[in-house]
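Q: Line order of the protein sequences matches chains A and B. When you read off a place in the first sequence, starting at 1, and then add 1, the result is the number in the working numbering. When you read off a place in the second sequence, starting at 1, and then add 81, the result is the number in the working numbering. We put the CB at the ideal spot given by N, CA and C, even for glycine.
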Amino acid sequence: MQDSVFKQIKSIQFGVLSPKEIKKVAAAKVVTPELYDKEGYPVDGGLMDIRLGVIDPGLRCKTCGYKLKECPGHFGYIELARPIIHIHFVAMVLNILRCSCRECGRILLSQDKIDLYKEQLDALEEENGIEARRDYIKSILSSLKTTMKCPHCTARQQKIALEKPTTYMENEKRISPIEIRTRLEKINDDDCIVFGINPKVMRPEWIVLTLLSIPPVTMRPSITLESGERSEDDLTHKLGDIVRINQRLFENINAGAPEIIIEDLWDLLQYHVTTFFDNAVAQLPPARHRSGQPLKTISERIKSKEGRIRHNLAGKRTNFSARTVISPDPMIELNEVGVPKEIAMKLTVPERVTEWNMEYLKKFVEKGAKEYPGANYIIRPDGKKKKITEETQEQLLEEVQPGYLVERHLLDGDVALFNRQPSLHRMSMMCHKVRVLPGRTFRISPAVCHPYNADFDGDEMNLHIPQTEEARSEAEILMQVQTQLISPRYGLSVMGCMQDSIGGLYILTKEIESLTKGEAIDLLYGAEITDTSRVPDKKVLTGKDVFSAILPADFNYEGSAKSGAEEDHVIIKNGILEQGVIDSANMGSGKGFLLRNIRKKYGADYTLGFLGNSLRLGIQVLLKKGFSAKSADEDMPKEANDQIKKIIDESYVKADELIAVFRENKLETFPGKTQAETMELKMLELLNKARNETGKIVSQYANKKTATMKMVLSGARGNLINLAQMAACVGQQALRGSRINKGYKDRTLSCFDKDDIRPDARGFIANSFKSGMKPHELFFMSMTGRDSLMDTALRTPKSGYLYRRLANALQDVKVEYDGTVREASGKIIQFEYGEDGIDVSRSEGGRIDVKRIVNKVIGE
Amino acid sequence: MAKEAKLSKFDVSKHTLVPKHTKLSESEKKTLLKKYNITVKELPKILINDPAIIRFDPKVNDVIKIERGSHTARSSVFYRGVVNA
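1. Closest by CA to Lys104(B), which one among Ile147(B), Ser151(B) and Val93(B)?
2. Output needed for Ile722(A): all residues of its chain with C-beta closer than 7 Å, excluding positions within five of it in sequence on either side, in chain order.
3. Could you check which residue in Leu95(A), Gln396(A) and Leu53(A) has the C-alpha nearest to that of Tyr78(A)?
4. Excluding the five sequence neighbours on either side, which residues of its own chain have a C-beta within less than 8 Å of the C-beta of Asp250(A), listed in chain order?
5. Name the one or two DSSP bridge partners that Leu418(A) has.
6. Out of curiosity, what's the CA-to-CA distance linking Gln396(A) and Lys70(A)?
7. In angstroms, rounded to a whole number, what distance separates the CA positions of Asn199(A) and Thr148(A)?
8. Tell me whether the beta-carbon of Leu624(A) lies closer than 8 Å to the beta-carbon of Ala448(A).
9. Looking at Gly560(A): is its Cβ nearer than 8 Å to the Cβ of Leu595(A)?
10. Kindly say whether Ile829(A), judged by its beta-carbon, lies nearer than 8 Å to any beta-carbon of chain B.
11. Counting contacts by CB-CB distance shorter than 8 Å, is Thr112(B) in contact with chain C?
12. When burial is assigned at 16 or more other CB atoms within 10 Å of the CB, is Val326(A) buried or exposed?
13. Tell me, please, whether the CB atom of Asp837(A) is closer than 8 Å to any CB atom in chain B?
14. Candidates Phe548(A), Ala717(A), Thr484(A) and Ser590(A): which alpha carbon is nearest Met430(A)'s?
15. If we ignore side chains and look at the alpha-carbon of each, how far apart do Gly591(A) and Leu493(A) end up?
16. Counting only the same chain and skipping the five closest in sequence on each side, list residues whose C-beta sits under 8 Å from that of Leu113(B).
17. Tell me, please, which residues DSSP counts as bridged to Gln644(A).
18. What residues of chain B sit near Thr821(A), judged by a beta carbon separation below 7 Å?
19. Does the beta-carbon distance from Val437(A) to Val340(A) come in below 8 Å?
20. Taking Cβ-Cβ distances below 7 Å as the criterion, which residues of the segment 123-157 of chain B are in contact with chain A?
21. Taking CB distances under 8 Å as the criterion, tell me whether Gly459(A) reaches chain B.
22. From Lys674(A) to Ile649(A), what distance separates their C-alpha atoms?
23. Could you confirm whether any beta carbon from chain B is found closer than 8 Å to the beta carbon of Gly846(A)?
24. Is the beta carbon of Met727(A) sitting closer than 8 Å to the one on Phe770(A)?
25. Cβ closer than 7 Å: which chain A residues qualify as neighbours of Phe159(B)?
26. Tell me which same chain residues have a C-beta within less than 6 Å of the C-beta of Lys63(A), skipping the five on either side of it?
27. Quick one: Cα of Ile56(A) to Cα of Asn129(A), how far?
28. Taking just the CA atoms, how far does Lys160(A) sit from Met82(B)?
29. Tell me the DSSP bridge mates of Tyr169(A)?
30. So does the segment 196-216 of chain A actually touch the segment 19-27 of chain A, counting three or more Cβ pairs closer than 8 Å?
31. Could you check the C-alpha separation between Pro100(B) and Val495(A) for me, to the nearest Å?
32. With C-beta atoms as the reference, is Ala735(A) less than 8 Å away from Thr679(A)?
33. Do Cys450(A) and Asp456(A) have their C-beta atoms within less than 8 Å of each other?
34. Quick check for students: name the residue ranges of the alpha helix (DSSP H) that lie wholly in the segment 548-597 of chain A, counting only runs of 4 or more.
35. Runs of 3 residues minimum, wholly inside the segment 114-148 of chain B: which ones carry the beta strand (DSSP E) assignment?
36. What three-state label does DSSP hand Ala633(A) in the structure shown?
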């Protein structure tokens, strides 16, 4: 056990254990159903025989001599009084019986055909893999079932049926497992190959059990209850039944009991062995505990979601992790995560005691597990873990010395990994610094919502605490939030200001014209910006001056604003915002050119701080100024309403004209379209145009000073279409790309005439949300609303799975050092990454501006 | 055979959507394989009966050079190893 041997697995061979092998791997033969003697010591030849391994502390295994936890356990065996069919091979036995001769044991195929099939099978496997071979074997065997004459000895074959679960009938007569076994023995090795059996690793007759392998006690340990009573594992119970019936069967056979009794016992033994392997066989009542709860036998241990594979092997769980609801906190930095104190006292970081930090670490032990910041465990150099409790605390405090590990509570600044599912890209799991806060939720800066795709409507996220120095430094260097700032997808910052802070910055830089220096510094301090050295010493300051104060002093930048207007164009010279407004085009997530430029010049760490500062500044402006949107924001002057009405009326007239032309069949059809289709297309175009025109009127007349418009213009929330729908006209409702044409026969609703194809009758909503919709308009709206709701609900899992498959298929594709893109086996996929070899995250929109680099080098 | 004769009437290589295919000479092939430290197996594949290369009378393990337009880098070069159909 001590010196382990390392070997590489080259291949795995599956086969069936032969009786010989069962005997060979067995450490003991089980002959008695008794488990323990009067002293509670395992009986020799019982199911808990200590040759099969030990589960009691203090005992030594008779086979290997090791103690509990050292001994891996050893198999045993039972000699079955009569052969038993293995339930999981029932189908195979049936196949072989049906397809082999009952007299000579040959497969019901002529020798030529056997040779031919063997060749074909090998060729098929070579070409299409083992699956294809299996499929072909299946088809060969199913074609053989109807063969009634043996091609070798010309014996007539009988019909063989399976009476589920384990009885085989030949012409209404039962074939006993003994008979089955002798028939299987007659199959020759050559024919086995056509049956899909590799004769080197299994013989057909081994399917019929004569010996039963007994699993070691270590895989079916008994539990000692508090009352001192022993409770055995389900498998042990089942094995007990098997041994008991087996003994009875032996005795009856030896005593020469009548055939009926023997057969009854034999069937009972078959039942017990079957349920030992699988307790969920369709035709059999499951074996139960006395309480009526079904036993969990071998198959149930492996199978299904709660089985060994999916639950224990594929479904690993992590220690040192936490999960709770997230909520926003703009006052913490972007690379921080607010951790509830409750969680901070559960999760720990191991720290090694040295003579230099001993006093520091002893303080944690002194506080114990119940007081923050304390420690939960200490680990001795030999690996023994000791929990710090009120009783052990003082003694452990004395004990701590260099070489010990102290598992102390989380502290501010500890490294943590933070993750939100679905983890679709690398920004879904980033490294944050811990910030212990009161409350019961994780707190994150609203700016990092975008990379996680998180919101605060009840989202939960996971936190992991790296436990080794390597893991911590790896996380910090590779995964920290600032290292993920620039997205490898489009080369822009994935993090940026959101919603209120965009609105705040917009108001600050566009509207605020006069501030006293005191007010300006108030704003900055409110945003926790304490460096006010760059606030100009003027009597009257503008919002632009305040924003400039958080810019680096030697920063130059030029970029267009969202509106594209000349006066909004952003010009920053020497760290002063000389002109323009800061809006979503400059600071938004996934858009911020300003952020990209700052990162390029001052690095990721600085950008992170800058982003945090501007986020808080924007919010602070809104806090100080107040910001409320109201319904009256969407009110239009009479003039505008008249124009909107005119546009809609005109489009109704045009629609009627179109319908008139269509009714006369005089419409000029589009290529490949019928008259009706052309009419529909023209109608859609017409009505959409009308809606867009009303939208233009709205943006023209809308008061830019209202809060709603400010949100739209700054890019904080909402767009012009939303506004137009509220103020002017909701527009055409479309189902699957066409106007609504479902409902009654030839009409959408019973309030319309048949074949009415005017706009109103087919889902055009002329009213606005503000003016209120007519009943039929509301109905149409509900139709499309429900449709899109269903659509998103059904599409999200589908596209999610699609993406998952793609990501898994591409997971080990990487760019090699020679610039080629290769998969894991070294096959080339692209000769140069992206055909141009440019890393999007390290270029500007996938391009490298050589001119600018040259200018920069020679210009300065 | 009849099928092949029919195919040869239309020269796909003249079509605008078919990028330029050329067969590498043995020495070119050698330098290419050496450059990437690979064998023909690691190259992307092209079928021996691909209409675009049929006029070279290709053999298995020949390497075909393909020059084609690219969205990112105006034009790009690609190599494919000939495999049996």
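A: To lay it out plainly:
1. To locate residue 104(B), count along the second sequence from 1; it is residue 23. Taking only the C-alpha atoms, the option nearest Lys104(B) is Ile147(B).
2. To locate residue 722(A), count along the first sequence from 1; it is residue 721. Excluding sequence neighbours, Ile722(A) sits near Gly696.
3. What you label residue 78(A) is simply residue 77 of the first sequence in a count that begins at 1. Considering only alpha carbons, the answer is Leu53(A).
4. As a position in the first sequence, residue 250(A) is number 249, starting the count at 1. Per the sequence shown, residue 250(A) should be read as Leu rather than Asp. Closer than 8 Å at Cβ, skipping near neighbours: Ala82, Arg83, Ile263, Leu266, Trp267 and Leu270.
5. The residue you call residue 418(A) lines up with position 417 of the first sequence. In the DSSP assignment, Leu418(A) forms a beta bridge with Cys432(A) and His465(A).
6. As a working mapping, residue 396(A) is identified with position 395 in the first sequence. As a working mapping, residue 70(A) is identified with position 69 in the first sequence. Cα to Cα, the separation comes out at about 29 Å.
7. To locate residue 199(A), count along the first sequence from 1; it is residue 198. To locate residue 148(A), count along the first sequence from 1; it is residue 147. Taken atom to atom, the span from the alpha-carbon of Asn199(A) to that of Thr148(A) is near 24 Å.
8. In the first sequence, residue 624(A) corresponds to position 623, counting from 1. In the first sequence, residue 448(A) corresponds to position 447, counting from 1. No; because the gap between Cβ atoms is not below 8 Å, this pair is not in contact.
9. Looking up residue 560(A) in the first sequence gives position 559. Looking up residue 595(A) in the first sequence gives position 594. Cβ distance < 8 Å, so Gly560(A) and Leu595(A) count as in contact.
10. Walking along the first sequence from the start, residue 829(A) turns up at place 828. Residue contact with chain B for Ile829(A): present (Cβ-Cβ distance below 8 Å to some residue of chain B).
11. Of the protein chains in the structure, A and B, none is chain C.
12. The residue labelled residue 326(A) in the question sits at position 325 within the first sequence. With fewer than 16 Cβ atoms within 10 Å of its Cβ, Val326(A) is classed as exposed.
13. Here residue 837(A) corresponds to residue number 836 of the first sequence, with the count starting at 1. For Asp837(A), the answer is yes, since a Cβ of chain B falls inside 8 Å of its Cβ.
14. To locate residue 430(A), count along the first sequence from 1; it is residue 429. For the residues Phe548(A), Ala717(A), Thr484(A) and Ser590(A), the minimum Cα distance to Met430(A) belongs to Thr484(A).
15. For the purposes of this step, residue 591(A) is taken as the residue at position 590 of the first sequence. For the purposes of this step, residue 493(A) is taken as the residue at position 492 of the first sequence. If you draw a straight line from the Cα of Gly591(A) to the Cα of Leu493(A), it is about 6 Å long.
16. In the second sequence, the residue the question calls residue 113(B) occupies position 32. Closer than 8 Å at the Cβ level, and outside the excluded window around Leu113(B), lie Leu105, Val144 and Tyr160.
17. Counted from its first residue, the first sequence places residue 644(A) at position 643. The partner list for Gln644(A) (beta bridge, DSSP) is empty, contrary to what the question assumes.
18. In the first sequence, the residue the question calls residue 821(A) occupies position 820. The answer, in chain order, is Tyr117.
19. Taking the first sequence and counting its residues from 1, one reaches residue 437(A) at position 436. Taking the first sequence and counting its residues from 1, one reaches residue 340(A) at position 339. A contact, by the Cβ cut-off of 8 Å.
20. Per Cβ criterion, the list reads Glu123, Leu124, Pro125, Ser151, Thr153, Ala154 and Ser157.
21. Counted from its first residue, the first sequence places residue 459(A) at position 458. Not flagged as an interface residue toward chain B: Gly459(A), since no C-beta distance is shorter than 8 Å.
22. On the first sequence, position 673 is the one that residue 674(A) refers to. On the first sequence, position 648 is the one that residue 649(A) refers to. If you take the alpha carbons of Lys674(A) and Ile649(A), they lie about 27 Å apart.
23. Along the first sequence, read from residue 1 onward, the residue named residue 846(A) stands at position 845. With 8 Å as the cut-off, Gly846(A) does not count as an interface residue toward chain B.
24. Counting from 1 along the first sequence, the entry for residue 727(A) is found at position 726. Counting from 1 along the first sequence, the entry for residue 770(A) is found at position 769. It is a contact, given that the beta carbons lie within the stated cut-off.
25. As a first step, residue 159(B) is located in the second sequence; it is residue number 78 there, counting from the start. Ordered by position in chain A, the residues that pass the 7 Å Cβ test against Phe159(B) are Phe832.
26. Translated into positions along the first sequence, residue 63(A) becomes position 62. Same-chain partners within the cutoff: Ile51 and Arg52.
27. Counting from one through the first sequence, the residue named residue 56(A) turns up at place 55. Counting from one through the first sequence, the residue named residue 129(A) turns up at place 128. Straight-line Cα distance between these residues: approximately 48 Å.
28. The count along the second sequence starts at 1 and reaches residue 82(B) at position 1. The count along the first sequence starts at 1 and reaches residue 160(A) at position 159. Low per-residue confidence applies at Met82(B): pLDDT is 43, beneath 50, and the placement is therefore not dependable enough to give any value.
29. As a working note, residue 169(A) is residue 168 in the first sequence. Tyr169(A) pairs with Leu163(A) and Ile176(A).
30. By the Cβ criterion, the segment 196-216 of chain A is in contact with the segment 19-27 of chain A, since at least three pairs of Cβ atoms, one from each stretch, lie closer than 8 Å.
31. The sequence position of residue 100(B) within the second sequence is 19, counting from 1. The sequence position of residue 495(A) within the first sequence is 494, counting from 1. In a straight line, the C-alpha of Pro100(B) is about 37 Å away from that of Val495(A).
32. Here residue 735(A) refers to the residue found at position 734 of the first sequence. Here residue 679(A) refers to the residue found at position 678 of the first sequence. In this structure, Thr679(A) does not lie closer than 8 Å to Ala735(A) by Cβ.
33. Mapped onto the first sequence, residue 450(A) falls at position 449. Mapped onto the first sequence, residue 456(A) falls at position 455. In contact: Cys450(A) and Asp456(A) (Cβ atoms closer than 8 Å).
34. Within the segment 548-597 of chain A, the complete alpha helix (DSSP H) runs of at least 4 residues are 585-588.
35. Note on the segment 114-148 of chain B: whole beta strand (DSSP E) runs with a minimum of 3 residues are 126-128, in chain order.
36. Against the first sequence, residue 633(A) aligns to sequence position 632. Secondary structure at Ala633(A): helix, using DSSP grouped into helix, strand and coil.
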